[in-house]
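For the sequence shown, this note's numbering gives the first residue as 614, with consecutive numbering after it. All C-beta atoms, glycine included, are put in the ideal place defined by N, C-alpha and C. The structure under discussion appears below in the form of structure tokens.
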Amino acid sequence: MSLPVLYMVIPCYNEEEVLPKTSEMFLQELDVLINKEKISPDSKIMFVNDGSKDKTWDIICNLSKANNHFIGISQSRNRGHQNAVLAGLMEAKDKCDITISIDCDGQDDITAMEKMVDEYRGGAEVVYGVRDNRDSDTFFKRFTAQSFYKFMNFMGAEVVYNHADYRLMSSKVLQAFAEYKEVNLFLRGLIPLVGFKSTSVYYTRQERVAGESHYPLSKMIGLSVDGITSLSVKPLQMITSLGIFISVVSFILTVWAFVTQVTGNAVPGWASMTCIVSFLGGIQLISIGVIGTYVGKIYMEVKGRPRYIISDRTDDKE
Ligand code: UDP
Ligand code: MG
Numbered sequence: 614m615s616l617p618v619l620y621m622v623i624p625c626y627n628e629e630e631v632l633p634k635t636s637e638m639f640l641q642e643l644d645v646l647i648n649k650e651k652i653s654p655d656s657k658i659m660f661v662n663d664g665s666k667d668k669t670w671d672i673i674c675n676l677s678k679a680n681n682h683f684i685g686i687s688q689s690r691n692r693g694h695q696n697a698v699l700a701g702l703m704e705a706k707d708k709c710d711i712t713i714s715i716d717c718d719g720q721d722d723i724t725a726m727e728k729m730v731d732e733y734r735g736g737a738e739v740v741y742g743v744r745d746n747r748d749s750d751t752f753f754k755r756f757t758a759q760s761f762y763k764f765m766n767f768m769g770a771e772v773v774y775n776h777a778d779y780r781l782m783s784s785k786v787l788q789a790f791a792e793y794k795e796v797n798l799f800l801r802g803l804i805p806l807v808g809f810k811s812t813s814v815y816y817t818r819q820e821r822v823a824g825e826s827h828y829p830l831s832k833m834i835g836l837s838v839d840g841i842t843s844l845s846v847k848p849l850q851m852i853t854s855l856g857i858f859i860s861v862v863s864f865i866l867t868v869w870a871f872v873t874q875v876t877g878n879a880v881p882g883w884a885s886m887t888c889i890v891s892f893l894g895g896i897q898l899i900s901i902g903v904i905g906t907y908v909g910k911i912y913m914e915v916k917g918r919p920r921y922i923i924s925d926r927t928d929d930k931e
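Put into structure tokens, the structure is as follows:
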């Protein structure tokens, strides 16, 4: 078997502080893998600049001039982490045998790539990088992240526990994945749907090498709402169940009202009426909101706009 060509796919958004340090680490790991004859010397490190406003793209261009293992593509504007990873994967899929997507901040243990490549050579087509603990996170981040996975699974969007987007995929999987045209992207929920033989590799997640997280709680909530509404219709089923439950309750209330009326114990009843009306009002608004979210998604899907636009490539500049 000839050595597989590996492309590391690394999204970068305003990472000028981090990139000079982590690019060295990526290169070192690539050299290790090449020297151990696990991957082909034609393997590359591909940075995807996600419309950064700082010097990230200049740094990427300079890296690619200095060493031809480095290449880069640039999105026409900031589209978010998921679309940046997708742009990189789609760019790489015809040029390599395997991709490994990883964040550029050095939090994910880069040396786990060797285990991933070994699993690939052992027959796996998808290898998930899974964090074995969250000691490096603050209590708050750990708590919110864990709630995120539990809530996602409860709502019918199955995701691999403690796996973010550090994963190896073979070009075979990427070719199949390219047929998934959805605009609403939630990669870690979609990849398991593609199938193929998969396995996991465990690693310990570190602190960011520098800079700050771009994933505050608000973005995490956004991502989980996106994931749930893209992968499951359970919220809609829950609305139906709730509707049935409330109908039963209101039927009982009607019987009760009728009985009190007949027995002559009727009370003015303003308070109970107000409670019921406002409760139902709340439920209705939430339900309309959930349905609206799905309708909104259908709207975005129907338009079929491009999911990423590549404005520059490092090799264009030469
Ligand atoms: N990122 C991106 N576009 C964005 C936000 C983030 O490409 O709009 C990249 C970022 O450069 C990093 C990765 O996504 O490589 C993960 O982001 P971050 O480290 O901020 O998130 P966290 O690890 O805290 O969840
Ligand atoms: Mg990070």
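Among the options, nearest to residue i - alpha-carbon criterion
{"i": "GLY835", "options": "GLN788, ILE684, GLY693", "result": "GLY693"}
{"i": "VAL908", "options": "ILE857, ILE865, LEU849, PHE871", "result": "LEU849"}
{"i": "TYR815", "options": "ILE841, TRP869, TRP883, ASP722", "result": "ASP722"}
{"i": "MET638", "options": "ASP718, MET703, ASP667", "result": "ASP718"}
{"i": "ILE901", "options": "ILE852, CYS709, PHE767", "result": "ILE852"}
{"i": "LEU921", "options": "VAL796, SER826, MET913, GLY856", "result": "The residue asked about is misnamed: residue 921 is Tyr in this sequence, not Leu. TYR921 has its Cα closest to that of VAL796, out of VAL796, SER826, MET913, GLY856."}
{"i": "ILE859", "options": "LEU893, CYS709, VAL631, ILE923", "result": "LEU893"}
{"i": "ILE652", "options": "SER714, TYR733, GLN720", "result": "TYR733"}
{"i": "TYR793", "options": "LYS708, GLU738, GLY917, PHE752", "result": "GLY917"}
{"i": "ASN932", "options": "LYS708, PRO633, SER813", "result": "Residue 932 is absent from the structure shown; the chain starts at 614 and stops at 931."}
{"i": "ASP716", "options": "VAL872, GLN819, SER845", "result": "GLN819"}
{"i": "SER845", "options": "LYS910, ILE673, ILE672", "result": "LYS910"}
{"i": "LYS728", "options": "PRO829, VAL631, THR812", "result": "THR812"}
Nearest-angstrom Cβ-Cβ length linking residue i and residue j, presumed shorter than 8 Å
{"i": "VAL773", "j": "GLY701", "result": "That pair is no contact at about 20 Å."}
{"i": "VAL661", "j": "ALA697", "result": "5 Å"}
{"i": "MET726", "j": "LEU646", "result": "7 Å"}
{"i": "LYS935", "j": "GLY769", "result": "In this structure the chain extends from 614 to 931, so residue 935 is not present and cannot be described."}
{"i": "PHE799", "j": "GLN695", "result": "7 Å"}
{"i": "TYR779", "j": "SER714", "result": "7 Å"}
Buried or exposed (CB count within 10 angstroms, at least 16 for buried), residue i
{"i": "CYS625", "result": "buried"}
{"i": "GLU931", "result": "At GLU931, the pLDDT of 46 sits below 50, so the modelled position is not reliable; the number obtained from the coordinates is stated separately. It counts as exposed."}
{"i": "LEU787", "result": "buried"}
{"i": "PHE756", "result": "exposed"}
{"i": "THR724", "result": "exposed"}
{"i": "ALA777", "result": "buried"}
{"i": "VAL890", "result": "exposed"}
{"i": "LEU699", "result": "buried"}
{"i": "LYS706", "result": "buried"}
{"i": "GLN897", "result": "exposed"}
{"i": "MET913", "result": "exposed"}
{"i": "THR876", "result": "exposed"}
{"i": "GLU650", "result": "exposed"}
{"i": "THR635", "result": "buried"}
{"i": "SER924", "result": "exposed"}
Beta carbon of residue i nearer than 8 Å to that of residue j
{"i": "LEU781", "j": "VAL740", "result": "yes"}
{"i": "HIS682", "j": "LEU643", "result": "yes"}
{"i": "SER863", "j": "GLY802", "result": "no"}
{"i": "SER687", "j": "TRP670", "result": "yes"}
{"i": "ASP663", "j": "ASN691", "result": "yes"}
{"i": "TYR762", "j": "ASN775", "result": "yes"}
{"i": "PRO617", "j": "ILE684", "result": "no"}
{"i": "THR927", "j": "SER677", "result": "yes"}
{"i": "LYS810", "j": "GLY736", "result": "yes"}
{"i": "SER854", "j": "PHE764", "result": "no"}
{"i": "LYS668", "j": "GLU704", "result": "no"}
{"i": "ALA789", "j": "VAL807", "result": "yes"}
{"i": "ARG821", "j": "GLN720", "result": "yes"}
{"i": "SER783", "j": "GLU738", "result": "yes"}
*Which residues have a Cβ closer than 6 Å to any heavy atom of the ligand MG, listed in chain order?*
ASP716, ASP718, GLN720, ARG821, SER826
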